[in-house]
Amino acid sequence: MIRTRKTWVTAAAVLTMAMVSPAVAHAVPQPPGSPPAAVTDDNKGLPPGWRITNTAGQNTLEWRSPRPVPAGDARVEFHADGKLVGVPEPENDARTFRLPLDELRTADLADLQVLAAGRRLDQEADGARDRRSSPPAANPPAQLPAGSVDPGKPGTYRTATGEYTLDPVRLPGFPAPVEMRGVVVAPKGATGKRPVALFLHGRHATCYVPDRDDDVTMDWPCARGAKPIPSHRGYLRDQQLLASQGYVTVSISANGINGQDGDADDGGAQARSSLVRQHLARWADWAANPATAPQAVRKGPKADLSRVLLVGHSRGGEGVNRAAMDSLYPAPSGQDGYRGTVRWHIRGTVLIGPTIFGHNPVPDVPSLTLLPGCDGDVSDLQGQVYADGTRGVSRGKALHSAVYMVGANHNYFNSEWTPGQAQAPADDDFWHDPEQPDPVCSPGTATRLTADQQHRAGATYIAAAARLFVAGDDRVRELLDGTGRRAPSADPARVLTHAVGANRGAGFLPDGSVKVTGGRLCSAIDPDPRTACLGPEAGGVSPHFAHWQPERETGRRAVALRWSSPGSAVQVRPQKPLSVRGAEDLALRVFVPPNTTGAQLDVSLTDASGKRANLGRVRVDGLPGSDRAASHWAREVRVPLSAAARAGLDLRRISSLELIPRSRSGQAWLMDAWAWSPGTPVVREAPLARVDIGRLKVKEGDSGVRTYQVPVRVSGKGSGTVRLYVLDPATGRAKDRLVTVRPGSGGIDVPVKVAGNKRYAWDATHDVLVKAVSGTVVGSHAGGVTVENDDPMPKIGVKPVTDRVTEGKPLKWQVALSAPADVELSRTLLFAAVPGRPELSTKDVDRQWLEELLGEVPAGEVPLSQLEHASLWVSVPAGSTTAEVHVPTVRDQVTEPAEYVGLQPTDDEGEPQGPVLTGTVTDAP
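Rendered as structure tokens:
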């Protein structure tokens, strides 16, 4: 996560009004225990649910959800006009999210949105503008033929279960120690050393109070009277299945990370990796000295640490991916919480609904990524990057399987996150609106799975990964690699797969140097709808195009096809001819719009001499989908290469691929096409270079210009290429370039110029992002230079301008700074009673003023001091030293004595500063 602190000087009109217009009172309900939040008069320009507030002296952009937002794995983010504004902090009420104005990554706040993994959270706040008529119910895909083996069947071993608790560990950046707790399920009577499967849960609430519904928190350690939520016990059924098949399994607790990872740039990935490797190190110790092991471990057979499968759910998925990386390519010691010897070998990973904030998969460790079609947490299914993001990075021999499970949500893979099964309060993360049921994911639809159906299917595919990656049983591959076979134990779930790597050879990759005719080479992430692969009219999103952090990415592309009649060919021509010699099929990953069927494409190849052969026809159907589901997902289809051989093509020099639509009209997107052969090759990890971006903090200084370098560490072996993004601290826009790196070369040159002065300002952050392209892995993907303000804040005073007026004229006060600042500075004035004197009321001030601020005029006549949490907030613009605040009064026909209003200036902590200021209003002559 990048937290940007920058000079906030060029806000959009809505914020500009807030800073230079008269600030006035606003009375709003506040969460219990929250400090008063003063609200500006600009909120009429913000969407419903949004406001600019001053909370405890800090100016914030606030959004309040109409319903609680449970703690989850996806980050809640504020976006505006397609750009990331920042990552807000949640309040304890689970509804209110605030982002300090000094942390805005962009000053343009047009089209504000709240997103979590691409899912809009603020649509309910926007009223019914996005509501559509209910779409028809979706139908599940046809059932696939059964595979030759079924890994979901229990094995022959009985199982034993136990737990261990060790001394907690300290991890870098986390003030509180993190627990070392695990639940072990092992086979009884198994002889010899047995392979190991380690499970890591994701980000969930950490603590609960028994017998009190919805009383859950993200505290760590838990408060008195509260208990830790046992998320690590949620995979017992998965563990029991694997243990029955001869695996030693352990599921570890990570509440201590969940409660402290809110400010981590990487969302806690490095900390979770450290925790995983701390446990593996203990298991290596116990394997070498069994007598030192806890009782729960001694009850099982000896663990074989040369055969380890890591299973991670949600942020736990990103954590085990990082653990696999760190085991091969060590992390910087200052960031790592485990610095011992690696005495284990990760054979593969299973990633369940995972996050991947860094877009940094490990290319040479086989993976299975399970994508829940009804994921209401990591709803953009960004875990697809664990497959797509490995293309061309290394040798390409590791199988990276994407497994799409129709009708599965995020939580039900963990029984401790499942209502009716969990000890603590739990819910269905795919929120169901009874008035607008989702045709795919609402409970009771033909496509939605029950909790037990989903968990059983998940356990089956975890076991499939173990059998392929660890046991080396190639018969299981057809369940995972797009061949189109199913595991009957997962029935009635509809599970679809595709893959990259393994015995795939040369590929037609839109990400590379290709020329497309008859179609459109589109970008996965681009704010221009003419360039983007999916526009806003698509009615849903694609996991293949999951958003990263820049508003525009270079090098993530696909080929978009659109036709209105059959026969219009689309040709993809790589820069150099490809060899498909020795391959059996051409495997294509193609998707069409959800809920469509019958798209047919002829596939042909042309060699360098111009000889052409039609390989055959494929049919592609869309997934069951809705505008809330990420169902623009590619199906794998294959055509034999035998026709090309019969036609005499030179299979060593294929120059182009053609797709010719044969259905009447339609759309399709080609992700890639590969020379495919059966089999699972032995994977040998390549010696890759590793890149980690650090963060340097420097003082601004009083004068002159200093140049600093963003700390970039390049380690490992060999050389490779990364793409570097440098974000503009004022606009948030990124410039990118390709960089060649090699260990010992001095890193990457990213200079940052810092101009010193003696004016107060916020800290400014110059952010840098990096992504692997070839021959590299990326650990810490984000960093930069943070320029810390070292000038004192000007003193803020308040004095009257016109504090005695006749009815119909405005009362005025001036807020003055002792010196100009480079940022806006504000002062809050609380309404206060004037003892013993008649008080100015809601009947004495401008009605439109009240309506704009309160939404509605309070009934009756209410003294201003009795408006709950009402206050005036005035902000002095950057570069200025004064600003005024007004209270507009109205003239009436009633003869009455003078009326008064009191204003109490407060500091950043809400403490009174100086005497109460008094305004007086008399009858007009």
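With the sequence shown counted from 1, adding 39 to any position gets you the working numbering. Cβ atoms here follow ideal geometry from the backbone N, Cα and C, with glycine treated the same way. In this text the structure is predicted, and so the values were computed from the model without any measurement.
- Grouping DSSP H, G and I as helix and E and B as strand, with all else coil, what is Lys838? Of the three classes helix, strand and coil, the one that applies to Lys838 here is strand, per DSSP.
- Local Cβ density within 10 Å of Asp520, reported as buried at 16 or more and exposed below that: Residue burial is scored here from C-beta neighbours: Asp520 has at least 16 other C-beta atoms within 10 angstroms and is therefore classed as buried.
- Outcome for Arg675 when other beta-carbon atoms lying within 10 angstroms are tallied against a minimum of 16: Residue 675 is actually Glu in this sequence, not Arg. Residue burial is scored here from C-beta neighbours: Glu675 has at least 16 other C-beta atoms within 10 angstroms and is therefore classed as buried.
- Query: Secondary structure at Trp383, three-state DSSP: helix, strand or coil?
  - Reply: In the three-state reduction of the DSSP assignment, Trp383 falls in the coil class, being assigned neither a helical nor a strand state.
- Message: So within the region 584–631, which uninterrupted beta strand (DSSP E) runs reach at least 3 residues, ignoring any that extend past its ends?
- Response: Runs of the beta strand (DSSP E) lying entirely within the region 584–631, each at least 3 residues long, are 596–602, 609–613, 624–630 in chain order.
- Message: Suppose contacts are defined by Cβ-Cβ distances below 9 angstroms. Is Asp414 in contact with Ala447 by that definition?
- Response: Yes; because the gap between Cβ atoms is below 9 angstroms, this pair is in contact.
- Message: Taking a contact to mean a Cβ-Cβ separation below 9 angstroms, would you say Arg930 touches Gly847 in this structure?
- Response: With respect to the 9 angstroms criterion, Arg930 and Gly847 are classified as neighbours on the basis of their beta carbons.
- Message: Here's a check: name, in chain order, each residue in its chain whose Cβ is nearer than 8 angstroms to the Cβ of Ala963, leaving out the five neighbours to either side.
- Response: Leaving aside the five residues that flank Ala963 on each side, the residues in its chain whose CB is nearer than 8 angstroms to its CB run, in chain order, Thr845, Glu846, Gly847, Arg930.
- Please say whether Leu727 and Gly785 have beta carbons closer to each other than 9 angstroms? Cβ distance not < 9 angstroms, so Gly785 and Leu727 don't count as in contact.
- Looking only at C-alpha atoms, which of Leu889, Val807, Val915 sits nearest to Val854? The residue with the shortest Cα to Cα distance from Val854 is Val915.
- Message: Per the DSSP calculation, Ile91 is bridged to which residue(s)?
- Response: For Ile91, which the question treats as bridged, DSSP gives the partners Leu100.
- Item | Minimum C-alpha distance to Pro340 - residue among Trp322, Gly356, Ala310 | Looking from the CA of Pro340, the closest CA among Trp322, Gly356, Ala310 belongs to Trp322.
- Message: Does the region 218–237 come into contact with the region 259–274, if we say contact requires no fewer than three beta-carbon pairs (one atom in each stretch) closer than 8 angstroms?
- Response: Yes, since at least three Cβ pairs between the region 218–237 and the region 259–274 fall closer than 8 angstroms, the two stretches touch.
- Message: Just verifying my parser: in three-state terms, what is the DSSP assignment at His671?
- Response: It is coil, neither helix nor strand.
- Three-state secondary structure assigned by DSSP to Trp888: Taken through DSSP and simplified to helix, strand or coil, Trp888 comes out as helix.
- Message: If distances are taken between C-alpha atoms only, which option among Val442, Pro405, Asp419 comes closest to Ser433?
- Response: Residue Pro405 is the option with its Cα nearest to Ser433.
- Item | N- and C-terminal bounds of the beta strand (DSSP E) containing Glu938 | Start and end: 938–945.
- Message: Given this structure, state the Cα-to-Cα distance separating Glu890 from Val761, to the nearest angstrom.
- Response: Roughly 54 angstroms between the two C-alpha positions.
- Message: Quick check: what's the CA-CA separation for Ala647 versus Phe547?
- Response: Cα to Cα, the separation comes out at about 15 angstroms.
- Task: Can you grab the Cα-Cα spacing for the pair Lys882 / Gly899, in whole Å?
- Result: Our two residues, Lys882 and Gly899, have alpha carbons roughly 8 angstroms apart in a direct line.
- Message: Please state whether the Cβ-Cβ distance between Ser353 and Gly111 is less than 9 angstroms.
- Response: If you check the CB distance, Ser353 and Gly111 come in under 9 angstroms.
- Query: From which residue to which residue does the beta strand (DSSP E) around Met444 run?
  - Reply: Unbroken beta strand (DSSP E) run through Met444: 439–444.
- Going along the chain, which unbroken runs of the alpha helix (DSSP H) with 4 or more residues stay wholly within the region 455–542? Within the region 455–542, complete alpha helix (DSSP H) segments of at least 4 residues are found at 490–504, given in chain order.
- Task: Report yes or no: do the region 713–725 and the region 605–625 share at least 3 C-beta pairs separated by less than 8 angstroms?
- Result: Yes: at least three Cβ pairs fall under 8 angstroms.
- Message: Using only CA atoms, which one of His398, Ala185, Gln299 lies nearest to Pro589?
- Response: Closest option to Pro589, judged by alpha-carbon separation, among His398, Ala185, Gln299: His398.
- Give me the Cα-Cα distance between Ser618 and Gly431, rounded to the nearest whole angstrom. Here the alpha carbons of Gly431 and Ser618 stand approximately 16 angstroms from one another.
- At least three beta-carbon pairs within less than 8 angstroms, the region 384–398 to the region 355–367: With a cut-off of 8 angstroms on Cβ pairs, the region 384–398 is in contact with the region 355–367, counting three or more such pairs.
- Query: What does a CB cutoff of less than 6 angstroms around Gly551 pick up in its chain, not counting 5 residues either side in sequence?
  - Reply: Within the same chain, Gly551 has no close Cβ partners at all.
- Item | Ile395, DSSP secondary structure in three states | In the structure shown, the three-state DSSP call for Ile395 is coil.
- Query: Are the beta-carbon atoms of Glu128 and Gly301 separated by less than 9 angstroms?
  - Reply: In this structure, Gly301 lies closer than 9 angstroms to Glu128 by Cβ.
- Message: What does the alpha-carbon distance come out to for the pair Pro605 and Glu576?
- Response: When rounded, the distance between both Cα atoms is 24 angstroms.
- Can you give me the Cβ contacts of Thr200 inside the same chain, cut-off strictly under 6 angstroms, excluding the 5 residues immediately before and after it? Result list for Thr200: Val224, in chain order.
- Quick one: residues in its chain with C-beta nearer than 7 angstroms to the C-beta of Asp565, no 5 flanking neighbours on either side, listed in chain order? Setting aside the 5 residues that flank it on each side, Asp565 is surrounded in the same chain by Ala571, Arg591, each with a C-beta closer than 7 angstroms to its C-beta; the list follows chain order.
- Ordered list of alpha helix (DSSP H) runs contained in the region 239–323, each at least 4 residues: Within the region 239–323, the complete alpha helix (DSSP H) runs of at least 4 residues fall at 275–283, 294–297.
- Can you name, in chain order, every residue of its own chain whose Cβ lies under 7 angstroms from the Cβ of Ala669, other than the five neighbours on each side? Excluding residues within five positions, the ones whose Cβ falls inside 7 angstroms are Ser418, Asp419, Leu420, Gly579, Val580, Ser581, Pro582.
- Task: Throw me the rounded Cβ distance for the Thr489 and Ser528 pair, which I believe falls under 8 angstroms.
- Result: Actually they are not in contact, since the Cβ atoms of Thr489 and Ser528 sit about 15 angstroms apart, beyond 8 angstroms.
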